[in-house]
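Below: one structure, written as structure tokens.
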Ligand code: MN
């Protein structure tokens, strides 16, 4: 670059900087401006030798990010300064975090620290690293939510300036944006930014689709404008008569959401009917907001017939993101359904700016606006649980993000918002972890319901608790929220640990009878003998009796005479090849499970490598065809894993005899007082058996009962039946 060019560039930098101050949503004081100025000076110096891939001076990037923070998101001076500094510590070793703290104080330093930590997270992604990154990123929420907001702004600017990048990198960054940043922006209430991120994401992941829709929107723009004009003309006179200060706008649907609709409903662009909405934004003081919204509603529906099932009142119950508005769908001119969104200016600002507008309006309002804080608290709690698998966590978290909300009431009439599909168990955990853990049953609108009962908006839910109740594995089928599921999972893990500790003692005793000491050597031998993975597995299995006395005796025998066991093996397995033969593997490993939690999911075997039971495999989440199973050495494995790390699921074949199953025990006997309590005592005393249901009946002195239990192994059912048989008065016990 020659002097003239450098001169020109410096002028451009200065111009951008001035613009930054001018466009700030919040009014900046002299002190604010001073802070921003010194942050700018440091950033200019730190990045002076750096250029972006496109060739432009690096400093344009932090200025642009700060501009998004100041203008689009409307954040304070501290955030603007932190945004200017967001890459300084990472990119220039001459500036340390201590320097930042000295120069700008603790808050700015903390935010920059958070941002630097996120940037230094592993960039090369193996299985689930991306999910883990996301989780770590969310953890910084604990420090300051502004870290995430600046990170989102950073990503938005990077997405806008990706042209010079390698195409494979573009796809990777774009898919990460769709996977993580857009949902996050949505949850924080930054709807405009979320839309921008989604559209840019689509532009790089599916360029043809994007361009096609983009062109079609442009072509139909004129017609749309005319349509909106027609509607405004009809409404205008009535609104003016009522002296309402308002503005009517057309709001086009984003490219991404049109695409989403086309795929979901299998329709063409032309067939997507609600490509735009009409927005009526009115001015008024806060006391009259709601009243005026319904007045406008009444005017709109005087002219256009409303669709009764498409009315959304987000004013009486705002979304948990803080969104407020009244939405109706009406039959507009030319017989087309069109959505009308009615919002006050304040509501509109909150919808567009989210976080910042919230805090601007927070004074003078109570409770309602704490939803974001509430959300961060909940998120924090779920994140701090070290036992949750990162991939599961992210998936569940995302599900919660996008699911529609329902509103239910506590017995005292307090309102709670839950994701659609939530059950009484989710409700219990949302009240308090202790309530969740002790849930025994639930009443919805005064009637007893199963814990799996899906709640509906308006339900009043009463949780029945008992000190003896505790989570069991079935609860994972009933709970849908990340919060409840992670609590249940860690409680179940705790129980496994307890059983293992008991199992170890039982094993020590039993081995003693066989004249073997329990020590590292014998534990290793046992783990190998039973083909287990860890000593914990071993103890657990002894604890729940899937490894019984006879099996331990076999082990003892194998130990005392290796030669005999060798011969036995030869007789049992006449196969000529040494090692384990394929037949045995395919019949033994007969069930495919996913993730660390070994969950059962629907899947298909892929045609490219045709995996069979026993192969080492992984799952790949396809867009239209569910989970496909590939061999780890499939020719496609590498490209799938590197390009779509976030769609990879851990998978493995297991021995299904080790899985839980349900058994029904039928008992009959002579009806006498106390028999029922005697039976329940035996069952509940058997800690490794989960009771699913109990049914007792008496008929003219005869007693009959049906017990459904969930157990890990046959032996446990047999044991339980033997104990019940011994109860006085019981005549017959058998399995159904
Ligand atoms: Mn950056």
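Residue numbers (our numbering): -12 to 723.
From the three backbone atoms N, C-alpha and C, an ideal C-beta is built for every residue, glycine too.
First and last residue of the uninterrupted alpha helix (DSSP H) at residue i
i: residue 449; result: Where residue 449 is concerned, there is no enclosing alpha helix (DSSP H), although the beta strand (DSSP E) it sits in stretches over 448 to 452.
i: residue 470; result: 469 to 500
i: residue 578; result: It is not in any alpha helix (DSSP H) - residue 578 instead sits in the beta strand (DSSP E) that spans 578 to 581.
i: residue 530; result: 522 to 530
i: residue 705; result: 701 to 712
i: residue 137; result: 132 to 147
i: residue 514; result: 507 to 516
i: residue 90; result: 84 to 91
i: residue 160; result: 154 to 163
i: residue 171; result: 169 to 175
i: residue 71; result: 64 to 71
i: residue 60; result: Where residue 60 is concerned, there is no enclosing alpha helix (DSSP H), given that its DSSP letter is neither H nor E.
i: residue 503; result: Careful: residue 503 lies outside any alpha helix (DSSP H) and carries neither H nor E.
i: residue 412; result: 411 to 418
i: residue 464; result: 462 to 465
Residue i - containing beta strand (DSSP E), residue span
i: residue 641; result: 635 to 641
i: residue 724; result: The first residue shown for the chain is -12 and the last is 723, placing residue 724 beyond what the model contains.
i: residue 394; result: 392 to 396
i: residue 429; result: 426 to 431
i: residue 256; result: No beta strand (DSSP E) holds residue 256; DSSP gives it neither H nor E.
i: residue 12; result: No beta strand (DSSP E) holds residue 12; DSSP gives it neither H nor E.
i: residue 718; result: 717 to 722
i: residue 724; result: Here the chain comprises residues numbered -12 to 723, so residue 724 is not present and cannot be evaluated.
i: residue 404; result: 402 to 406
i: residue 435; result: 434 to 436
Beta-bridge partners of residue i, as assigned by DSSP
i: residue 3; result: None; residue 3 has no bridge partner.
i: residue 300; result: 313
i: residue 44; result: 38
i: residue 52; result: None; residue 52 has no bridge partner.
i: residue 196; result: DSSP lists no partner for residue 196.
i: residue 234; result: 268
i: residue 694; result: 652, 681
i: residue 293; result: 317
i: residue 657; result: 689
i: residue 239; result: 263
For residue j and residue i, believed in contact at Cβ under 8 Å, the rounded distance
i: residue 486; j: residue 527; result: 6 Å
i: residue 450; j: residue 422; result: 6 Å
i: residue 640; j: residue 601; result: 6 Å
i: residue 707; j: residue 655; result: So it is not a contact: roughly 16 Å between Cβ atoms.
i: residue 184; j: residue 197; result: 13 Å between Cβ atoms; not a contact.
i: residue 405; j: residue 396; result: About 11 Å separates the two Cβ atoms, so there is no contact after all.
i: residue 133; j: residue 62; result: 7 Å
i: residue 187; j: residue 146; result: 4 Å
i: residue 33; j: residue 85; result: Actually they do not touch by this definition, with Cβ atoms about 15 Å apart.
i: residue 204; j: residue 239; result: 7 Å
i: residue 412; j: residue 438; result: 5 Å
Notebook entry, point to check: Whose CB is closer than 5 Å to a heavy atom of ligand 2? List the residues in chain order.
Noted result: In the structure shown, ligand 2 is absent; the only ligands present are ligand 1.
Item checked: 3 or more residues per run - each beta strand (DSSP E) lying fully within the stretch 259 to 284 -> If one requires a minimum length of 3 residues, the beta strand (DSSP E) runs lying completely within the stretch 259 to 284 are 263 to 269, in chain order.
Next item on the list: Pick out the complete beta strand (DSSP E) segments inside the stretch 585 to 617, 3 residues or longer, and give them in chain order.
Entry: Listed in chain order, the complete beta strand (DSSP E) runs (minimum 3 residues) inside the stretch 585 to 617 are 590 to 592, 604 to 608.
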